[in-house]
Each structure stands twice: as structure tokens, then as C-alpha cells.
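Protein chains: 2
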Amino acid sequence: MADKKMVEQITSMDVDFAQWYTDICKKADLIDYSSVKGCMIIRPYGYAIWENIQKILDTRFKELGHENVYMPMFIPESLLQKEKDHVAGFAPEVAWITHGGSEPLAERMCVRPTSETLFCEHYANIIHSYRDLPKLYNQWCSVVRWEKTTRPFLRSREFLWQEGHTMHATAEEAVAETVQMLNVYADFHEQDLAIPVIRGKKTPSDKFAGAEDTYAIEALMHDGKALQAGTSHYFGDGFARAFDITYTDKENKVCYPHQTSWGVTTRMIGGIIMTHGDDNGLVLPPAVAPVQVVIIPVQQHKEGVLAKAAEIADALKAAGLRVKVDDSDNSPGWKFAEYEMKGVPVRLEVGPRDIENNSCVLVTRHNREKTFHSLDNIAAAVADKLEEVRRGIYEKALANREKRTYICKTMDEIIAKLEANGDGLVKAMWCGEEACEDEVKEKTGVGSRCIPLTEEKLSDVCVCCGKPAKHMVVWGKAY
Amino acid sequence: MADKKMVEQITSMDVDFAQWYTDICKKADLIDYSSVKGCMIIRPYGYAIWENIQKILDTRFKELGHENVYMPMFIPESLLQKEKDHVAGFAPEVAWITHGGSEPLAERMCVRPTSETLFCEHYANIIHSYRDLPKLYNQWCSVVRWEKTTRPFLRSREFLWQEGHTMHATAEEAVAETVQMLNVYADFHEQDLAIPVIRGKKTPSDKFAGAEDTYAIEALMHDGKALQAGTSHYFGDGFARAFDITYTDKENKVCYPHQTSWGVTTRMIGGIIMTHGDDNGLVLPPAVAPVQVVIIPVQQHKEGVLAKAAEIADALKAAGLRVKVDDSDNSPGWKFAEYEMKGVPVRLEVGPRDIENNSCVLVTRHNREKTFHSLDNIAAAVADKLEEVRRGIYEKALANREKRTYICKTMDEIIAKLEANGDGLVKAMWCGEEACEDEVKEKTGVGSRCIPLTEEKLSDVCVCCGKPAKHMVVWGKAY
Numbered sequence: 310m311a312d313k314k315m316v317e318q319i320t321s322m323d324v325d326f327a328q329w330y331t332d333i334c335k336k337a338d339l340i341d342y343s344s345v346k347g348c349m350i351i352r353p354y355g356y357a358i359w360e361n362i363q364k365i366l367d368t369r370f371k372e373l374g375h376e377n378v379y380m381p382m383f384i385p386e387s388l389l390q391k392e393k394d395h396v397a398g399f400a401p402e403v404a405w406i407t408h409g410g411s412e413p414l415a416e417r418m419c420v421r422p423t424s425e426t427l428f429c430e431h432y433a434n435i436i437h438s439y440r441d442l443p444k445l446y447n448q449w450c451s452v453v454r455w456e457k458t459t460r461p462f463l464r465s466r467e468f469l470w471q472e473g474h475t476m477h478a479t480a481e482e483a484v485a486e487t488v489q490m491l492n493v494y495a496d497f498h499e500q501d502l503a504i505p506v507i508r509g510k511k512t513p514s515d516k517f518a519g520a521e522d523t524y525a526i527e528a529l530m531h532d533g534k535a536l537q538a539g540t541s542h543y544f545g546d547g548f549a550r551a552f553d554i555t556y557t558d559k560e561n562k563v564c565y566p567h568q569t570s571w572g573v574t575t576r577m578i579g580g581i582i583m584t585h586g587d588d589n590g591l592v593l594p595p596a597v598a599p600v601q602v603v604i605i606p607v608q609q610h611k612e613g614v615l616a617k618a619a620e621i622a623d624a625l626k627a628a629g630l631r632v633k634v635d636d637s638d639n640s641p642g643w644k645f646a647e648y649e650m651k652g653v654p655v656r657l658e659v660g661p662r663d664i665e666n667n668s669c670v671l672v673t674r675h676n677r678e679k680t681f682h683s684l685d686n687i688a689a690a691v692a693d694k695l696e697e698v699r700r701g702i703y704e705k706a707l708a709n710r711e712k713r714t715y716i717c718k719t720m721d722e723i724i725a726k727l728e729a730n731g732d733g734l735v736k737a738m739w740c741g742e743e744a745c746e747d748e749v750k751e752k753t754g755v756g757s758r759c760i761p762l763t764e765e766k767l768s769d770v771c772v773c774c775g776k777p778a779k780h781m782v783v784w785g786k787a788y
Numbered sequence: 310m311a312d313k314k315m316v317e318q319i320t321s322m323d324v325d326f327a328q329w330y331t332d333i334c335k336k337a338d339l340i341d342y343s344s345v346k347g348c349m350i351i352r353p354y355g356y357a358i359w360e361n362i363q364k365i366l367d368t369r370f371k372e373l374g375h376e377n378v379y380m381p382m383f384i385p386e387s388l389l390q391k392e393k394d395h396v397a398g399f400a401p402e403v404a405w406i407t408h409g410g411s412e413p414l415a416e417r418m419c420v421r422p423t424s425e426t427l428f429c430e431h432y433a434n435i436i437h438s439y440r441d442l443p444k445l446y447n448q449w450c451s452v453v454r455w456e457k458t459t460r461p462f463l464r465s466r467e468f469l470w471q472e473g474h475t476m477h478a479t480a481e482e483a484v485a486e487t488v489q490m491l492n493v494y495a496d497f498h499e500q501d502l503a504i505p506v507i508r509g510k511k512t513p514s515d516k517f518a519g520a521e522d523t524y525a526i527e528a529l530m531h532d533g534k535a536l537q538a539g540t541s542h543y544f545g546d547g548f549a550r551a552f553d554i555t556y557t558d559k560e561n562k563v564c565y566p567h568q569t570s571w572g573v574t575t576r577m578i579g580g581i582i583m584t585h586g587d588d589n590g591l592v593l594p595p596a597v598a599p600v601q602v603v604i605i606p607v608q609q610h611k612e613g614v615l616a617k618a619a620e621i622a623d624a625l626k627a628a629g630l631r632v633k634v635d636d637s638d639n640s641p642g643w644k645f646a647e648y649e650m651k652g653v654p655v656r657l658e659v660g661p662r663d664i665e666n667n668s669c670v671l672v673t674r675h676n677r678e679k680t681f682h683s684l685d686n687i688a689a690a691v692a693d694k695l696e697e698v699r700r701g702i703y704e705k706a707l708a709n710r711e712k713r714t715y716i717c718k719t720m721d722e723i724i725a726k727l728e729a730n731g732d733g734l735v736k737a738m739w740c741g742e743e744a745c746e747d748e749v750k751e752k753t754g755v756g757s758r759c760i761p762l763t764e765e766k767l768s769d770v771c772v773c774c775g776k777p778a779k780h781m782v783v784w785g786k787a788y
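If you read the protein sequences in the order shown, they are chains Y and U.
Using our numbering, read the first sequence as starting at 310 and increasing by one per residue.
Using our numbering, read the second sequence as starting at 310 and increasing by one per residue.
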């Protein structure tokens, strides 16, 4: 199988997980590098995954009443400085524009790292009365944060995302929106991306710059490291006060509205790779796979084979599936390896003998299971297989997380379990003091990821200081 | 009708067309301004028009085999400088990033004004053999050009667009792609936006920086000024040579591929406003209208009215139409004016008496024609009305263009016709010399817009110098 090797030029994940990740990004044609340091080119196959993600999420946002807008990509320095925590959080990592053409600017501007300040300035213009609330806006765009160390999808200087920004009459309504959007993200991950997540609140030290509360979903990657996969922030009325956004309520009283923001990014593609991928390449969740089923004609030069492949493709497309027929002159072996590398969930093989039997072979990517199927009602059989892949990869990811979740009551236990079983999530109680958070991280290597919304009480005392515990925290090493 | 006036606060187009345009942009809730000078906020109603434009065009591009990608938004100065005509054209109008966080950059970068250089660098990496061709890539993104004078949609420092970049084995194939995409733009304008356009080639002085040929579609606005509504460029192999992009052909010979690029922008929304709008506000082509039909319940407090409005809305939605019911407590008169301002193509009024008669009233926005219709099969009646609006506004725009097109054989004739009839398109012969182009512009005020692909021969000699003519040129004042 010389041509099989031609495709499979990736490092084994057990040998070097980081190199395996980079290999997949490159060899599955997801990204390329350019002379723009720290940024990536998202190639057609990678961008098609993002387009599928966008379609699903955008539909859900709109069903919940959100509207899309577009704000300028620049933020004047004085505008960025209006909310003090916000500017302190972002100013050190923005890209600064100082010249337009050959003229120096009167005031320098940064490329947006996030757009709270722009939305707030606009809201101050358009919100006057309780009738103007709620405002449920979302924006799809790219943002820039001047990261020192970068990795494709996970941390790059420019990335694509959506940022929801909403304004509400009451704190209760805004908190409900914050939690609602966290749940949208969690459902999307679990149902569509087949990635199990923990819904939680960040500890105060880890909140978004300017937020009262930051909620996040945390996923565990194959190597035992945690990935923050989406965040939803409740701002209270802090930005409204800084930007002088007010509305008149029904009793004619002037009030500050309450605000949220929430976002997910191209980082999710990194999460898909590291949750589902294996040593043969990418494994894509069917909901976002650019090609859900690839048809490989076997002995395609024989009469009737290509025609049958095309006929099957038409039947699958008519059922709404994303299908590709590979009738190139590469060998079937090369093609098998190529589409395994690219993570196509289902492969359909059809050759002369299959056609005689009115049947075909279906192979599911995640477990390479081969089954034979009648060509009658083949679309339903493929749809079943896609659902099988979705469930299969979800369960595999969940099993990995369960195997790598360690309940610990002492610092020594944390160290011992990580040492014995490898990286993973630690569940341990915490007193609420930042000093203990820091000490846990310093001594054991795992930092606080979140306080799960469904808390378990593991003991009465903080794993670090032994004082009364306030919360159960999930700890982990983060990407 | 006091509340009607509340809505209709726009300048008449005959009094001040520029102010009328700005009024519509603001009062129809398309845009807002911010502290970012020269940039605009695209509000939900304006952005929904852009989303509809994107959906239609993106589908067409993909049907023709194009794939979407995403390139970095930054271009290092040295990369911008690789093609000498290109850098000369763009360097004076780019925004420069000089600092990342608090560190000065080793090399400054500009925000992309267009992405030829990035695509070329990538193509040099991924094109090696004739098997890698053609490459048919497209990108949806925002770009920045540091304009001195700005107007919403028409000319802003940041705008949204798509840029197609393709690579082909032969010059013939690349030219065919250039013309194909010009035709896609022209069809989209004529069929979907209901804007008649002239398909033409730019004169050499007006070509895109680095192109061998620039094709464009030109539309005539209501006030007699021309708008370049889309461009498609043939590059030959100039960029390929500058960026060292080569491929090996079937005979194993190393060759340079041939390139195209093509783009349309949010400027098209400006074209829609200035082609179809009137003194009552915006008039939207049904294909891109965020709301195609608005249902206004009359005497909505009476029993059964709101229920019937909702029932009609459901029937229209089931037929795939974009529908809104306005059951707010504003008066019907206020609502009529509001949705006229917003350019909703069809208004459906239904009140107690209509319900008794199993009927409703349909009003088409562009001519305010009122007709009565049975509620049986109302979706088909509304669809007919939408098609009536599309045809009606197209014909109105075409009539305006015909009325304002002046065939001229002498300079005096140009001056006299523009003087007598107002701004418009001049058709006149040209010798091919840039000096004559300049002289026509200087003496008559109209510049060359394009050489139409279907040329008419009006005379044998140049309108300016009297020497033998090479082409018929369409001249006009441009936005």
C-alpha cells in the first residue's frame, strides 16, 4: 500500500500530540501558513466546516430573536479607555493603527479585540425608552489579539468569531439571556459537534475584562487538557454607566439597562480535531462535515460502475446529504486513506460485484466498521450511519472525560492522580480565595477551569487551605 | 395625519439628492455613525439586505465551482510591494499597523485593501502541477481604504465585500472566467436587484492596479450619475511572475498560470437606494428585501383581526416569503408611512370588513397601487405582486436611463445635452488616447465609464480630437 502511506504522513498522537495536531491541520488541508506571523489561512476544507457551524448557530440565534449587525473594525483609543477594567484587560494585546495612507492619525486606533465599546457607543444613541429594549444584537466578524505564542485555530492573532451583545431592562432578564446563550453553546457542542461539555461559571480571577460574571463551557481534549469552548458574560450595568446608556421606564424613571455578551470562535474547530481525531487523521461530526459521505467507485473502469455511483450520489443529495464522488484515477486504497485523513464520517464503496447484488459497503470513519447494505433506500441507511457516528464519537469523548476525571480531597491526591493517570480534570472543593487558586496551580499544575452549574459537594473544606469550602471547582491544564 | 409626518422626515430628492440619500440611510435604519470616522455601523435592517445579497451570490459562486477561504486581514509591507503597479495603486490609501500591544513591529503591515498579494503567496505554495488548476477561490470579508471623503455604502473607509481570486492554466480560460463573473454580477443586478447595467471594459487609465483588463458593470442612478457596481479583472500572468507561481503542464514544461479577480461590495446597497428610492423612502427589490410583505391589521382591537393576520402570515411564510405582522399600538397611518420609508415591497391590509368578505388589500410600494384580493390562495397573489414590483422598478430604472442617455458626436453636443437635460450617460466615440479622455472630462464634466461589450459605431472619429475612433465609450459623472 505505497499510496496509502503517501496520504498518512502524520505523527502518532501518542508520540507527540502537539505535532499530531499540527500535522492534521496541514495534511487535512484545513489551514496554511503565510508571511503574516501568528495568523492562518483557512483553506476551503477548513472554511467549509466554519460555514456549517455558522449556519447552524446563526439559525438558532435568529430563532431566539437576535439580529445581525456590523460594527467598524477599528476602535479609537479614547473609546477603548471608557471602561477601566476592559481597557486594562485588552490594551496590552491589541494591534495599533497609527497611519492612514501617508498621514499620521490624530488619534491612534486599535483593531477590535472584541466590540463591547462600539456596541455601547451605538446603544447610547439608539436606546431611550423601555420600548427600545431588549436589544438582541450579534455580529460575525474577525478580531485581533496580539498573542505571543500561536497555534492554528486554538490561539491565533486574528480569528473568526461571533459576538452577541444584548441590552435588557432588568438584571434578571440579562442573567437569563447569559445562561440561555451558554445553554445554546452547550447544546450545539453536545448535539452537533458531539463534544461533551461542562457548563460553569468562571472564578472571579478568570472573568472577562469588565464582566460581573463569566460563564463558560469547558471540554476535555483527547490528551487530557481542557479547552474553553465558548463564553457568555453578564455585565450588570457597568458598561451602561461608563457609556451613559439610559432608558426611561414605564413610570418615567431614568434607568441603566443590563448587558450581556457571548461568543464562540474558530477555536471550536481545534476542539473538534482534538476531541475526535485519531492516528488516521480527522474525524468530523456529521452536522458540520463539508462532505458527510464519500462514494468510492471500485474498479471504476468497468461498465456501469461510475453511472451507479452517480445514481447513488443523486439519491443521497436528494435526501439533503453532502456527498462527494471521487472518480479520480487514484487507487481505491489511496482514496480510503485520503478521506480517513479528512475525517469524512461515512464512506460508501460500490463495485461491479456490489452492483450485481444491488448492494454497497458502508464504512464508518470513527471505528472503521464495515457493513453491507441494499441499494434500496440507501439514503436512510446512510442517515442511520451518520447518526451512529455522531453517537459513537460523543460516547467515546465522554468515556475519555470520565476516565480522566479525578475527584480529589487533598493536594497530595491531586498530584498523585495526575501523576498516575495523566492530565485530566480534577474535581475539588475551594474556599473562594484567589490565593488558594494560585497555590493549587503552582503545586499541582492544574488551574481552576470553572465552577459547574450543577455543583457536587465533595467535602466541607477547601482542598488547599482546609478552611470551609464555598464551591466545587473543576481544575485542569488549559489550551 | 400627524403621525404620518412623524415618519416622513426626509428631504425631497429634487431639493437635495445627497441629503435625501443620507436621510434614507439614517431614517430607514440602515446605518448609524460612530466615533470611528469614515466608517459606518450597518444596522440590522441594512445588514439583513447584505445577508440576502450574500446568500444569492454565494449560491451562484458555488454552483460555478468556487470555494470560500479566509486569508489574514494584514499584509506585511514587503508582500504588498511585490507587484509594482499594485503597490503604487494601493499604498497611498492603506491603514498601517505599527505596534502589536506595546511593542513596535519589526515590519509594519497594512490592513488589506484587497487580497491579491495574500492569495498569490498562498497559490505559490499550493499550485505545482496542471492537476492543481484551476483554483477557484472566493473570500467574504471587510477591507479598508483610507478615503478622504466618505459616504455611507458608496465610499467608506471600511466596507464589506467578496473578492474572487482564480488561477487558470491558460489565458483563454482566465479571460472566460473574468467575463463569466461579470455576467454573474450583471444578471444578479438585473434579475435580483432590478437594476439595469451596462457591461463594459474600463479604458487603460481606469484599470485596477496590476490588471491587464478591468471589466465593470455601470448603473445609472436616479439623479443621472453613474455607479460602478461591480468589477472583474483579468491579470494575465503578471502577478504569477512577480510571486513566482508556476505549474508543470502535461508535457512537463514549467508555465505561469493566468489569474483573475472580481468583487462586489456593500456599495450595491447604495445603488439600490439611488436607483429605486423615492420621496417616501426606500424601495427594495423583493429578492433582497428583509421583509417582503408587511401585514397591517386594521381595527386590530376587534375580535378576529389579529388572529386572521397571523393566519395569513403563516400561509405566506409557508410559501417561503419573508413576512412581518405589525400589531404594535401605532396607528395604521403611521405604520403605512413607516414601511413605505423602509421600502417593504408589498403591504397587506386586513380589517373586520375585509374578513367578512374573505378578502384583503394589497398595496405595491413603488406605485402605491391598491388592489383587492380573495384570501383564498393569498400566497400566490402576493408572489404575483412581488414579481410586479420587481418588473415595475426595473422598467422605471431602465426608462430613467434611456431618458438620460445622450448620443453625441461633438464636444459642444455633449455640453449642450447635459446642460439641457441634466446629468446622464453620454455615448460618444473615442480615439484611444488618454489625452482625449482627460480633455472630455475637463471640458464637459463627464469621464469615461466603460467601453460597452456590445459596441455601437456612432461615427468614425473621436468626439474630442477628430482622429479615427477606436471605441464607443460611455461617459458619465461617477459616484
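For glycine and all other residues, C-beta sits at the position ideal for the given N, C-alpha and C.
Please read these numbers as outputs of a predicted model, since none were measured by experiment.
- Restricting attention to Glu392/U, Asp587/U, Glu425/U, Cys564/U, the CA atom closest to the CA of Phe326/U is found in Asp587/U.
- Interface residue (Cβ-Cβ distance to chain Y less than 8 Å): Met720/U is not classified as such.
- For Ala690/U, the uninterrupted alpha helix (DSSP H) run begins and ends at 687–712, by DSSP.
- DSSP places Val453/Y in the uninterrupted beta strand (DSSP E) bounded by 444–453.
- Secondary structure note for Gln471/U: its beta strand (DSSP E) is the uninterrupted segment 467–477.
- Contact check for Glu392/Y and Phe548/Y: beta-carbon distance about 6 Å, within the 8 Å limit, so the pair qualifies.
- For Thr423/U, the three-state secondary structure derived from DSSP is coil.
- The C-beta of Gly775/U has fewer than 16 other C-beta atoms within 10 Å across all chains shown, which makes the residue exposed.
- Closer than 8 Å to the CB of Asp685/Y there is not a single CB belonging to chain U.
- A residue is called buried once 16 or more other Cβ atoms fall within 10 Å of its Cβ, and Arg710/Y is buried on that count.
- With a minimum length of 4 residues, the unbroken runs of alpha helix (DSSP H) contained wholly in the stretch 321–398 of chain Y fall at 326–336, 353–372, 386–389.
- If you draw a straight line from the Cα of Thr714/Y to the Cα of Tyr524/Y, it is about 21 Å long.
- Around the C-beta of Asp332/Y, 16 or more other C-beta atoms lie within 10 Å, and the residue is accordingly described as buried.
- For Ser438/Y, none of the residues of chain U pass the 7 Å Cβ criterion, the least Cβ distance being about 13 Å.
- Shown here, Asp522/Y sits in a strand according to DSSP, grouped into three states.
- Here Ala624/Y carries a helix assignment [DSSP, helix/strand/coil].
- Per the DSSP secondary-structure output, Tyr715/U pairs in a beta bridge with Val735/U.
- Contact of His431/Y with chain U by beta-carbon distance below 9 Å involves Asp341, Ser343, Ile350, Arg352.
- Asn561/Y and Gly374/U have their C-alpha atoms some 58 Å from each other.
- When DSSP assignments are scanned along the stretch 538–575 of chain U, the uninterrupted stretches of alpha helix (DSSP H) that are 4 or more residues long and fall wholly within it turn out to be 547–552.
- Within chain U, the C-beta atoms nearer than 8 Å to that of Glu376/Y come from Pro353, Tyr356, Ala357, in chain order.
- When Cβ pairs closer than 8 Å are counted between the two stretches, the stretch 746–765 of chain Y is seen to touch the stretch 714–729 of chain Y, the count reaching three or more.
- Secondary structure of Phe497/Y (DSSP, three-state): helix.
- Linking Thr320/Y to His675/Y through their CA atoms gives a straight-line distance of about 18 Å.
- Leaving aside the five residues that flank Met530/U on each side, the residues in its chain whose CB is nearer than 8 Å to its CB run, in chain order, Leu536, Gly580, Met583, Thr584, Tyr788.
- For Asp623/Y, the closest of Trp449/Y, Thr407/Y, His395/Y, Ile604/Y by C-alpha to C-alpha distance is Ile604/Y.
- Pro566/Y is positioned such that its CB atom lies no closer than 8 Å to that of Ile350/U.
- At least one C-beta of chain Y is nearer than 8 Å to the C-beta of Met382/U.
- At a cut-off of 8 Å between C-beta atoms, Pro443/Y does not count as an interface residue with respect to chain U.
- As the crow flies, the alpha-carbon of Ile702/U is around 8 Å from that of Pro594/U.
- The C-alpha of Val653/Y lies about 7 Å from the C-alpha of Val592/Y.
- Membership of Cys669/U in the beta strand (DSSP E) is indicated by the continuous run 668–673.
- Under DSSP, the beta-bridge partners assigned to Ser757/U are Trp784/U.
- Rounded to whole angstroms, the separation of the alpha carbons of Arg508/Y and Gly642/U is 49 Å.
- Shown here, Asp721/U sits in a helix according to DSSP, grouped into three states.
- Lys712/Y and Leu427/U have their C-alpha atoms roughly 45 Å apart.
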